[in-house]
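Numbering (our numbering), first residue to last: 236 to 559.
In this text, a Cβ means the ideal position worked out from N, Cα and C, and glycines have one as well.
Every value quoted in this text rests on a predicted model; they were computed, and no experiment measured them.
Working notes, structure below.
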Amino acid sequence: MAPHVRPRVFVTRQLPGEALGRLSKHVELRVWEEELPPPREALLELARGVEGLITLLTDRVDAPLLEASPSLRAVSNVAVGYDNIDVAACTARRIAVGNTPGVLTETTADFAFALLMGLARRVAEADGYVRAGQWRTWSPTLLLGADIHGATLGIVGLGAIGAAMARRARGFGMRVLYVNRHPKPELEAVLGLRRVDKATLLAESDFVSLHVPLTPETRHWMGRAELAAMKPGAMLVNTARGTVVDQAALAEALAGGRLGGAALDVTEPEPLPMDSPLLKLPNVLLAPHIASASHATRGRMASMAVDNLLAALDGRRPPHCVNP
Ligand code: DGY
């Protein structure tokens with residue numbers, strides 16, 4: 236990149252690590268310094284006249300934004316998911332779109348498994364119980380939970396994160412079923428997984444963990460009918476996207492006692508409104524979309540997003556590019 240033509244770049248939030256310092260050596264950089272994302276009007280205004288954008292999953296990049304910024308050549312999302320971006324509209328304008336796959340796989344699976352364990356063994360409830368001064372003696376009936384070893388885990392979407400979840404589950408002595416558009420015979424052989432149809436997965440799994448991207452096909456993949464088809468007392472873990480689940484139907488299934496519980500790192504909307512029925516249910520474990528939130532992983536995601544952006548601004552295809 237020639238030093239005299241520094242492209243203008245807007246970054247919609249401060250990022251951890253050294254990545255933005257590195258970026259600032261190559262571009263005219265403007266960073267949104269507030270804790271909350273730029274409001275829509277501010278985003279449209281600040282995107283005007285820039286060549287590059289670094290965005291988060293909270294920032295909607297759609298046709299009106301692209302129209303407001305005809306100079307835009309690259310959008311780099313600091314996430315593996317990119318359902319906040321209209322990729323087709325970007326592609327039609329020859330705007331490169333990057334994402335951050337791979338670097339967050341293990342960290343996200345760690346957290347999905349932590350949620351599964353926390354839900355099964357009621358860790359948050361136990362913590363609240365002790366802090367509230369309710370612990371009076373050891374009791375044979377206190378806070379009984381579900382066993383993880385020997386249970387069946389159903390994985391929905393055997394991509395990189397789903398496979399990492401399967402490895403953890405096998406290490407804990409679980410039987411693992413999966414649904415995926417394509418069979419993965421190599422993983423079946425190495426990990427002893429079984430590909431089944433949706434009905435079998437729902438009927439046989441003690442835990443169901445969602446690992447699909449949000450697309451028109453996966454929207455409400457876990458709907459009212461699917462929740463009703465789950466094994467009674469089964470538990471749901473969602474670290475994918477909130478909209479993959481019909482949340483109203485989930486709250487009803489939980490309140491009605493049909494399901495054993497749900498652990499949700501992602502919800503619809505985010506943040507979850509304080510009047511959500513999910514907040515009133517003791518068998519719901521909630522987290523604020525932090526599955527990839529380790530120091531190291533968030534630093535790597537930021538760095539990868541900068542690599543993608545710099546490549547695109549330099550006229551190269553970003554190393555992780557989602558345009559077809
Ligand atoms: C992603 O990368 O898509 C996650 O949801 C945030 O890390």
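- Shortest gap from the CB of GLY337 to any heavy atom of ligand 1: 8 Å or more.
- Distances from the CA of LYS433 to each of PRO506, GLU487, ILE390 were compared; the closest alpha carbon is that of ILE390.
- Within 10 angstroms of the beta-carbon of HIS555 lie 16 or more other beta-carbons, which makes it buried.
- The stretch 410 to 429 makes no contact with the stretch 275 to 289; the number of CB pairs closer than 8 Å stays below 3.
- With a threshold of 16 other beta carbon atoms within 10 Å, LEU428 meets it and is buried.
- Around ligand 1, the residues selected by a Cβ distance under 5 Å to any of its heavy atoms are ALA314, VAL315, GLY316, SER527, following chain order.
- Rounded to whole angstroms, VAL240 and LEU544 show a C-alpha spacing of 15 Å.
- Rounded to the nearest whole angstrom, the C-alpha separation of ALA522 and ASP500 is 5 Å.
- DSSP lists no bridge partner for PHE346.
- The three-state secondary structure of ASN543, taken from DSSP, is helix.
- Counting along the chain, no alpha helix (DSSP H) covers LEU520; the unbroken beta strand (DSSP E) around it starts and ends at 519 to 521.
- For the pair ILE396 and ALA344, the Cα-to-Cα distance works out to about 6 Å.
- Per DSSP, the beta-bridge partners of ILE320 are VAL296.
- Taking the CA atoms as reference points, LEU377 sits about 35 Å from THR478.
- Here ARG402 is near LEU426, since their CB atoms are less than 9 Å apart.
- Counting along the chain, no beta strand (DSSP E) covers THR435; the unbroken alpha helix (DSSP H) around it starts and ends at 433 to 439.
- Residue state for GLY492 is assigned as coil, using DSSP reduced to three classes.
- If you draw a 10 Å sphere on the C-beta of PRO517, you find fewer than 16 other C-beta atoms in it, and that means exposed.
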